[in-house]
Amino acid sequence: MLRLAVAGCLPLPLIPFMVVTAGCSGRKHKSPPLTITIATLPDGYEGQTGYSAQLTATGGTGSYTWSIASGDLPPNLALDPSTGVISGDIAFNTSANSPYTFTVQVTDGQQTVKADLSITVYAQLQITTTTLPDATEGASYTATIEAAGGTTPYTWTVSGLPSGLSWSQVGDTVEISGTPPSGSAGTYGFSVEVTDGQQTVSRRFDLVVNKPTPPKADFEASSTEGAAALTVTFTDKSAGTVTQWQWDFDNDGTPDSTTQNPTHTYSAPGWYTVKLTVTGPGGSDSCVKERYILVANDIYYVDGTNGDDGNGGTGWNDAWKTIGKALSVAGDYDLVLVADATYTETDLNFNGKKIYLKGVDKNTAGQRPVIDCQGNGRAFVFSSGETADSVVDNFTIRNGNASDYGGAVSCLLSSPSIINCTFSGNSAGSNAGAIYFYSGSPTLSNCTFSDNKAGGNGGGAIYCDSSNPTLTNCIFSGNSADGKWTIGGDGGAVYSYFSDMVLSNCTFSGNKAAGKEGGAICCYGGNLSLTHCTLINNKANWHGGAIYCMDNGNMSISNCLFSGNSALWGGAIHCINHVQLTLTNCTFSANSANCGGAIDCESSSSVTINNCILWDDSANNAGSEILLFDAGSSATLNHCCVNSGGYDGSGAVDDSNNCIYDDPQFVDAANGDYHLKDTSPCIDAGDNTLLPSGVTTDLEGNQRIVDGDNDGTPVVDIGAYEKQ
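By numbering that gives the first Met the number 0, the letter at position 245 of the sequence shown is numbered 244, and the numbering carries on one by one without gaps.
Dropping the structure here:
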């Protein structure tokens, strides 16, 4: 044992010892594992401001530094390295590349760990519907409002809808439905809000509730002729506000269907007239199509190119060559189909049979058969009491010639139907270059008459003697009455002799009475009715550039335009010898004469003019608008727009009933546009009570009475065109 001695002291024993430090170890301390604890990040949306997501971790030293190891954050977002917060305003147009996948990394200086994360960016939530269809008083209404973007499901809220309408959520859309009550017309604002739980957007809509438009009935059929049993599908083509449909498939007065687009099967042979009546909050209207459906007993075929009269005529491969052969075989309610070809036949005769002779485009699409008489006679003769069930449809008839009357057609004591035909280059030595009617009630519709001539008394296209013809949707252009006789040359297009003629939706242009009277129409006695007709640039060498009427004739003319017509007397109309003329809602402009630029009345004739415009017509000598040649003639103007200095003559003019004397303000009169400008004094300046019964549309077929000045009261305009 070691002993230590200190001088002067006894030696002390040396005791061994060990020093132990409490809490200390011989090994270095190890930190807990570093772990990223966030697994998902909140979604965002395009254009989102203030996006924020906190990254979290545990373990390590507790002092973290964050970074993006790979991949990309959505544009405009950034990661704060010290706080681990991803924040920013998400850019627009970024959803296309979503989701954005990236790897985050965190370190505490000793440990580094990574985790794969993603942020989904949705398109910005928006209401995609921008406008709504108008509603109508008394009519059922439905509209759908849609949204896009964000994430479904959506939740909608709607507030402020007009009376009669409500809303409901249908899936992820909102539906507005109901029926606005009568008297609720106006514009209503309401608000719509949609949310997907993250985004919320709203939009304000303006919904217009209109007053009901009166319905205008019209329809089409899938097939209008064929053998029994014939199944026909009808398609409603009505305009205006319609809530109910009533079909009468045989016009017997008993409704057959109330479906909008029904199907009906016809079993018995014959012609059928179809009637559709439509009803809405603005009223009711009916459309009747006479002889619209033919259920044929037999069907025969004619092909002038490939047929042979030795065939049986039972099909196109068995077709006859001539129309005459078919007419000789066919009987009542038979259908004869004639292929497009040129036929040189004359004096074709139905012999009183109810045959439907129809041209079709068998050989060349869009073409029709041509009957070319080559100057050797007329095409048709009707003289056996044919009725409206004897029909000629869709032919061109040209170069007919007769030494007496009816260059293309002679119709004596008969009333056939002629539809969809063109008459061109036909002539007669006496009357009626194209068609002569005597003592019958024929029907013409959708026909065109051009360059036909009458060499004697008149009627360049048509001459009516003691007949009652109805003409609808016909066009007369370039026809002439040459007047080779000492008297004659009247009615460049039409001559009516003690007949009752009804014309609607017809156009007369460039016709000429080279002899004397009536550049377009000459009316000798009888009655003449014109509605929705246009008469422009017709000429008479003497009286009545457009129309001449004499000897106790009665004329009723409404919704017609007279422009550019000329004569020595009565640039547009001349009346003589106790004629009664009524004009309603017509426009006269740019007509010219030596006397009576628009109208000339003589020999105790009178004219009543309602809701008409007479403006900018001219006369070299007297009466730029109206000439009343003798004291027995008179003119009464009611609610008219007229040049106050345009009267002349010995007769009396009464224009005291609400006439105006200001420029009517046509849209472009120089180029023939006689519609009214928004500032026209003629808007809502007429009198509704002066309209003829049944007239509901203007010259163009638009609604005749509307509230053009928006004062809440619909009043008819002055003139042929209603401001819509």
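Backbone N, C-alpha and C fix where the C-beta goes; we use that ideal spot for every residue, glycine too. Quick caveat, the model's predicted, so the values are computed rather than measured.
Is residue i buried or exposed, if buried means 16 or more other CB atoms sit within 10 Å of its CB?
i      : result
GLY711 : exposed
PRO32  : exposed
GLN47  : buried
GLN123 : buried
LYS210 : buried
SER591 : buried
ASP716 : buried
ALA589 : buried
GLN53  : exposed
GLY424 : buried
GLU136 : buried
ASN92  : exposed
VAL169 : exposed
ARG367 : buried
ARG203 : exposed
ASP661 : exposed
GLU219 : exposed
GLN198 : buried
Considering Cα atoms alone, identify which of the options is closest to residue i.
i      : options                        : result
THR240 : ASP217, ASN375, THR212, GLY459 : THR212
ASN467 : SER623, ALA453, SER643, TYR437 : TYR437
ALA44  : ASP195, TYR355, TYR332, GLY399 : Sequence inspection shows Tyr at residue 44; the Ala mentioned does not correspond to that position. The option with the nearest alpha carbon to TYR44 is ASP195.
GLY309 : ASP297, ALA295, ALA325         : ALA325
LYS357 : ASN419, MET549, ASP331         : ASN419
MET549 : PHE218, ASN540, CYS522         : CYS522
GLN109 : SER165, ASP115, GLY58, ALA90   : GLY58
ASN260 : THR253, ASP708, GLY269, LEU275 : LEU275
LEU347 : SER86, ILE144, SER409, THR156  : SER409
ASP450 : SER162, SER426, GLN366, THR471 : SER426
LYS452 : TYR121, ASN445, VAL493         : VAL493
ASN504 : ASP683, GLU699, THR586         : GLU699
GLY269 : LYS353, THR678, VAL301, CYS681 : LYS353
GLY286 : GLY279, ASP297, ILE298, VAL273 : According to the sequence as given, residue 286 is Cys; it is not Gly. That would be VAL273, whose Cα lies nearest to the Cα of CYS286.
LEU334 : SER402, CYS681, PRO98, VAL391  : VAL391
LEU206 : THR257, THR60, THR130          : THR130
GLY685 : ALA669, VAL714, TYR435         : VAL714
VAL578 : ASN551, PHE218, SER190         : ASN551
ILE682 : ALA364, TYR720, THR696, ASN75  : TYR720
VAL501 : THR156, HIS531, SER51, GLU174  : HIS531
SER158 : GLY148, GLU192, GLU145, GLY182 : GLU192
ILE598 : ASN398, ASP79, GLY543          : GLY543
THR533 : CYS559, GLY457, PRO152, THR586 : CYS559
ASP499 : SER222, THR257, SER555         : SER555
PHE233 : ASN564, THR262, ASP708         : THR262
Looking at the C-beta of residue i, does it have a partner C-beta in chain D at a distance below 8 Å?
i      : result
ASP217 : The displayed structure is made up of one protein chain only, and chain D is not part of it.
Between residue i and residue j, how many whole angstroms is the CB-CB distance? I'm expecting something under 8 Å.
i      : j      : result
ALA68  : THR36  : The pair is not a contact, with the Cβ atoms about 17 Å apart (cut-off 8 Å).
ALA519 : PHE475 : 7 Å
CYS600 : ALA634 : 7 Å
LEU336 : VAL359 : 5 Å
VAL652 : ILE625 : 7 Å
ASN605 : SER632 : Rather than Asn, the amino acid found at residue 605 in this sequence is Ser. About 6 Å; that satisfies the 8 Å criterion.
GLY225 : ALA295 : 7 Å
TYR291 : TYR271 : 7 Å
ASP302 : ALA338 : 4 Å
GLY491 : LYS511 : 5 Å
HIS638 : ASN657 : 5 Å
CYS640 : PRO680 : 7 Å
TYR300 : GLY314 : 6 Å
SER414 : GLY439 : 4 Å
SER623 : CYS585 : That belief does not hold up - the Cβ atoms of SER623 and CYS585 are roughly 17 Å apart, past 8 Å.
LEU675 : ASN609 : Rounded, the Cβ-Cβ distance is 17 Å, inconsistent with contact.
DSSP puts residue i in a beta bridge; with which residues?
i      : result
VAL157 : VAL191
GLY728 : Nothing in the structure corresponds to residue 728, since the chain is present only between 0 and 723.
LEU580 : MET554, VAL606
GLN702 : THR696
THR57  : THR34
GLN110 : Beta-bridge pairing links GLN110 to no other residue.
ARG424 : Residue 424 is actually Gly in this sequence, not Arg. In the DSSP output, where bridge partners are listed per residue, GLY424 has none listed.
HIS573 : TYR547, ASP599
SER591 : SER565, SER617
Note to self: Please give the ranges of any beta strand (DSSP E) in the region 256-284, keeping only runs that are unbroken, at least 3 residues long and fully inside the region.
What the structure shows: Runs of the beta strand (DSSP E) inside the region 256-284: 262-265, 269-279.
Item checked: Contiguous beta strand (DSSP E) assignments of at least 3 residues, all confined to the region 72-98 -> Taken in chain order, the whole beta strand (DSSP E) runs of length 3 or more contained in the region 72-98 are 76-78, 84-87.
Item checked: Sequence ranges, beta strand (DSSP E) only - wholly within the region 430-516, length at least 3 -> Listed in chain order, the complete beta strand (DSSP E) runs (minimum 3 residues) inside the region 430-516 are 434-437, 442-444, 447-449, 461-464, 469-471, 474-476, 493-496, 499-503, 506-508.
Note to self: Ignoring anything shorter than 3 residues, give me the beta strand (DSSP E) runs that lie fully in the region 596-673, in order along the chain.
What the structure shows: Fully enclosed beta strand (DSSP E) runs of 3 or longer: 598-601, 605-609, 617-621, 625-627, 633-637, 646-648, 651-656, 665-667.
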